[in-house]
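Let me begin by presenting the structure, written as structure tokens, before commenting on it.
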Amino acid sequence: WLLEYSGSGQNWARRMEETGTVVNRVEIGVLPSFTSLLAIRDMARKTDLNGELSFGAQNVSELDAGAYTGDISAQMLAALDCRYVLLGHSEQRRYHPEDDAKIDRKMRVVLDSGMTPIVCIGETKLGRDDGIGIDYALNQLVSAVRLLSPEDMCKVIVAYEPVWSIGTGTPPDPTVIESALADIRDFINATFGADVAAKVRILYGGSVNPNNAAQIIHRYGVDGFLVGGASLDPTKFAKICHRV
Ligand code: PEP
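The letter at position 153 of the sequence shown is residue 181 when you use full-length UniProt numbering, and the numbering goes up by one with no holes.
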């Protein structure tokens, strides 16, 4: 299971078609900027892509319908047929800031609109150096899912993205990723039960590229990737898909 994450626009959709990125066994989800959602939707609707391409948004408002000029609601995204909404990306947490309470509310509006939240968690470099890496990420997860029922939790996708690794070209050692994802699954197991833990998809994100994709995806418990920089180049992205 592979999830793509791209900040760019219409040209990307066309180039991806040319590159023939859609691969059997792999679900590709594209999460473009809001302004590119329609171009991606048009591409996803083409019958020759066989429904293997999904798409979604990089964020959503926590507010329902109403007079909130400038916000994009979950209902608006659902009306565009978005399947996914990314929540709590480290850049949103850092620059806006998106706090845990807000992410809680966003989880609710996304699920209530029939879409799938992809919740990002991950420690900063400071957290890693202080030795609290995975605990920091787990606390973010605890907060994001604390109000969910087991049925809701089954629909959630968790993306473990160590912040210090994003955009740096340096992912953690694959054994460290495996161990972090095992801790995340253990938490889900302890909180929601084994059935839920088996169903929740957990992605890894942070400097995934064609050279390291195979080593990481074959570690136990890694269900897919959240790809940033490498997704901007359809050729690199296609290579990642083919190595999964
Ligand atoms: C990201 O922006 O979430 C990300 C994972 O980026 P990159 O793949 O470039 O590290």
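Every residue, glycine too, gets a C-beta built ideally from N, C-alpha and C. None of these values were measured; they are calculated from a predicted model.
Name the residue from Gly94, Val191 and Met181 whose alpha carbon lies nearest to the alpha carbon of Ile162.
-> Looking up residue 162 in the sequence shown gives position 134. Of the candidates Gly94, Val191 and Met181, the residue whose Cα lies closest to the Cα of Ile162 is Val191.
* Run through DSSP, which three-state label would Ser64 get? -> Taking the first residue of the sequence shown as position 1, residue 64 is located at position 36. The answer is helix: DSSP assigns Ser64 an H, G or I state.
If contacts are defined as beta-carbon pairs under 8 Å, then Leu105 and Val88 qualify, I think. What distance do you get, rounded to the angstrom? Numbered from its first residue, the sequence shown carries residue 105 at position 77. Numbered from its first residue, the sequence shown carries residue 88 at position 60. At roughly 6 Å, the Cβ-Cβ gap stays under 8 Å, so Leu105 and Val88 are in contact.
Between Gly257 and the ligand COA, is there a pair consisting of the residue's CB and a ligand heavy atom that are separated by less than 7 Å? Only the ligand PEP can be found as ligands here, which leaves the ligand COA out of the picture.
- Could you give the C-beta distance for Val224 and Ala258, rounded to a whole number, given that I count them as a contact under 8 Å? The sequence position of residue 224 within the sequence shown is 196, counting from 1. The sequence position of residue 258 within the sequence shown is 230, counting from 1. Their Cβ separation, rounded to whole angstroms, is 31 Å, which puts Val224 and Ala258 out of contact at 8 Å.
Looking at Phe215: is its Cβ nearer than 8 Å to the Cβ of Leu166? Position 187 of the sequence shown holds residue 215. Position 138 of the sequence shown holds residue 166. Taking a C-beta distance under 8 Å as the contact criterion, Phe215 and Leu166 qualify as a contact pair.
Check: Quick one: is the Cβ of Ile236 within less than 7 Å of any heavy atom of the ligand PEP?
Finding: Position 208 of the sequence shown, counted from the first residue, corresponds to residue 236. Reading the sequence as shown, one finds Val at residue 236 and not Ile. Checking the Cβ of Val236 against the ligand PEP gives yes.
Query - Identified DSSP bridge partners for Ile160 - result: Translated into positions along the sequence shown, residue 160 becomes position 132. For Ile160, which the question treats as bridged, DSSP gives no partner whatsoever.
key: Rounded separation between Lys264 and Val54 - CA only   = Residue numbering aside, residue 264 sits at position 236 when the sequence shown is read from its first letter. Residue numbering aside, residue 54 sits at position 26 when the sequence shown is read from its first letter. Cα to Cα, Lys264 sits roughly 16 Å from Val54.
Since Phe83 and Gly57 should fall inside the 8 Å C-beta cutoff, what is the C-beta to C-beta distance between them, to a whole number of angstroms?
The residue given as residue 83 occupies position 55 in the sequence shown. The residue given as residue 57 occupies position 29 in the sequence shown. About 6 Å; that satisfies the 8 Å criterion.
Who pairs with Arg229 in a beta bridge, going by DSSP? The count along the sequence shown starts at 1 and reaches residue 229 at position 201. Ile185, per the DSSP bridge assignment.
Problem - Beta-bridge pairing of Gly57 - partner residues as DSSP gives them - result: Sequence index remark: in the sequence shown, residue 57 carries index 29 (1-based). Paired residues: Leu31 and Ser82.
- Any heavy atom of the ligand PEP within a distance shorter than 7 Å of the CB on Tyr96? Stepping through the sequence shown from its first residue, residue 96 is reached at position 68. Checking the Cβ of Tyr96 against the ligand PEP gives no.
Is residue 275 a contact residue of the ligand PEP, with contact defined as CB to any heavy atom under 7 Å?
Residue 275 falls outside the range modelled here, since the chain spans only 29 to 272, and no answer is possible.
**OP:** Let me know if Tyr96 comes out buried or exposed under the rule of 16 or more other beta-carbons within 10 Å of its beta-carbon.
**Re:** On the sequence shown, position 68 is the one that residue 96 refers to. Exposed: under 16 other Cβ atoms inside 10 Å.
Ignoring anything shorter than 3 residues or poking outside the stretch 96 to 181, list the beta strand (DSSP E) runs there in chain order. Annotation note: the stretch 96 to 181 contains the following uninterrupted beta strand (DSSP E) runs of length 3 or greater, listed N- to C-terminal: 112 to 115 and 144 to 149.
*asked:* Restricting to Cα atoms, I'd like to know which of Lys130, Asp261, Ile212 and Ala218 is closest to residue 4.
replied: In the structure as shown, the chain starts at 29 and stops at 272, and residue 4 therefore has no counterpart that could be examined.
Item to complete: Would you mind sorting Ser177 into buried or exposed? The rule is 16 or more other CB atoms within 10 Å of its CB.
Response: Within the sequence shown, residue 177 is the residue found at index 149, counting from 1. It is exposed - the Cβ of Ser177 has fewer than 16 other Cβ atoms within 10 Å.
Sequence-distant residues of its chain with Cβ nearer than 6 Å to Ile146 (five each side left out) | As a working mapping, residue 146 is identified with position 118 in the sequence shown. Closer than 6 Å at Cβ, skipping near neighbours: Tyr112, Leu114, Ile185 and Ala187.
Taking 7 Å as the limit between beta carbons, can you name the residues of its chain near Gly221, skipping five residues before and five after? Position 193 of the sequence shown, counted from the first residue, corresponds to residue 221. Excluding positions up to five away in sequence, the list reads Pro178.
Fill in: Reduced DSSP secondary structure (H/G/I, E/B, other) of Leu91
Walking along the sequence shown from the start, residue 91 turns up at place 63. Here Leu91 carries a coil assignment [DSSP, helix/strand/coil].
**Asked** What is the DSSP secondary structure of Val255, reduced to helix, strand or coil?
**Response** For the purposes of this step, residue 255 is taken as the residue at position 227 of the sequence shown. Strand at Val255.
Q) With a CB to CB cut of under 7 Å and the five nearest residues on each side skipped, what residues in its chain are close to Lys227? A) Your numbering for residue 227 matches position 199 in the sequence shown. Taken in chain order, the residues that qualify are Cys182.
ask   = Excluding five sequence neighbours on each side, which residues of the same chain lie with their C-beta closer than 6 Å to the C-beta of Ala102?
value = For this step, residue 102 is matched to residue 74 along the sequence shown. So the qualifying residues of the chain are Val88, Val137, Val138 and Ser141.
- Message: Measuring straight from C-alpha to C-alpha, what distance separates residue 274 and Tyr33?
- Response: This structure leaves residue 274 out entirely; the chain is present only between 29 and 272.
- Task: Inspect the beta-carbon positions of Val204 and Ala241 and report whether they are closer than 8 Å.
- Result: The sequence position of residue 204 within the sequence shown is 176, counting from 1. The sequence position of residue 241 within the sequence shown is 213, counting from 1. Using a Cβ distance threshold of 8 Å, Val204 and Ala241 do not count as a contacting pair.
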